[in-house]
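Right, one structure below, let's go through it.
Numbering (my numbering), first residue to last: 1 to 266.
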């Protein structure tokens, strides 16, 4: 890579540039990119991670919102003519357009301020994604990977795990970034299921069911679903109405959502 061009990280884009080559090599090893794979990187910055991937794949797509970074990226990676740069907001980007010859793999050091809505945006397109490797705030990774009963288990955990196998890989300290963030980061791998283990009859209905369930997480299910389901109905679908929402697993929420869907159809 040629000498990195100067660029001041922009707070409004949530930029923290990864510069620790040991961490970069470890991330690339986790991704294990191979020639011919369609890898898409969100927010490539100056290309530190990009080069480790494209040197293996030989071609790559990147989605970058900061137009001032694009010429720097192209200079730093001038030796890779098959680098395709999309100047776009990843939150509005249609990733399915890049899956014209097979599925894509998505990677990125995601800005903390948009990581959760961006993950939901990608989950809506999970049918064209083989896997996702993200650098995120450690707490977000902990929430994604949390299991029923964990204090961080909630809406994000349930919806991510409905679509994907979620694995927390390793922690990255603030000193690996410029400027250093105030919190630890972590790497997560999310692998969409080729066949969903449980299927919601209506995805929007599942999202609503999970959202309502966790709106008042200290209250019991009988209270949270009051007006939608009776105690008897919850018991009929093998849900204990005295439990709090963080005790339910993904199949439990799908069962509630499907019952509500069928009830609405009557």
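In this text, a Cβ means the ideal position worked out from N, Cα and C, and glycines have one as well.
According to DSSP, is residue i helix, strand or coil?
i: residue 192; result: strand
i: residue 123; result: helix
i: residue 246; result: helix
i: residue 238; result: coil
The alpha helix (DSSP H) that contains residue i, what's its start and end?
i: residue 109; result: Element bounds for residue 109: not the alpha helix (DSSP H) but the beta strand (DSSP E), 104-109.
Using CA coordinates, which residue listed in the options is at the minimum distance from residue i?
i: residue 118; options: 232, 42 and 253; result: 42
i: residue 88; options: 105, 69, 168 and 221; result: 69
i: residue 138; options: 120, 128 and 188; result: 188
i: residue 183; options: 44, 239, 243 and 135; result: 135
i: residue 120; options: 164, 186 and 240; result: 164
i: residue 167; options: 16, 223, 142 and 155; result: 142
i: residue 259; options: 247, 211 and 206; result: 206
i: residue 77; options: 60, 181 and 147; result: 60
i: residue 228; options: 31, 245 and 263; result: 263
For the beta strand (DSSP E) that contains residue i, what are its first and last residues?
i: residue 207; result: Element bounds for residue 207: not the beta strand (DSSP E) but the alpha helix (DSSP H), 203-215.
i: residue 84; result: 83-87
Rounding to the nearest angstrom, what Cα-Cα distance links residue i and residue j in this structure?
i: residue 202; j: residue 195; result: 16 Å
i: residue 131; j: residue 93; result: 17 Å
i: residue 66; j: residue 51; result: 19 Å
i: residue 38; j: residue 191; result: 15 Å
i: residue 214; j: residue 157; result: 11 Å
i: residue 129; j: residue 28; result: 18 Å
i: residue 240; j: residue 104; result: 40 Å
Leaving aside the five residues before and after residue i along the sequence, list all residues of the same chain whose C-beta is less than 6 Å from its C-beta, in chain order.
i: residue 20; result: 176
i: residue 162; result: 250
i: residue 200; result: 206, 254 and 257
In its own chain, which residues sit with a C-beta less than 7 Å from the C-beta of residue i, not counting the 5 before and 5 after it?
i: residue 140; result: 115 and 116
i: residue 24; result: 18, 48, 49 and 52
Which residues in the same chain have their Cβ closer than 8 Å to the Cβ of residue i, if we skip the five residues on either side of it in sequence?
i: residue 40; result: 60, 61, 62, 63, 95, 98, 104, 105, 106 and 107
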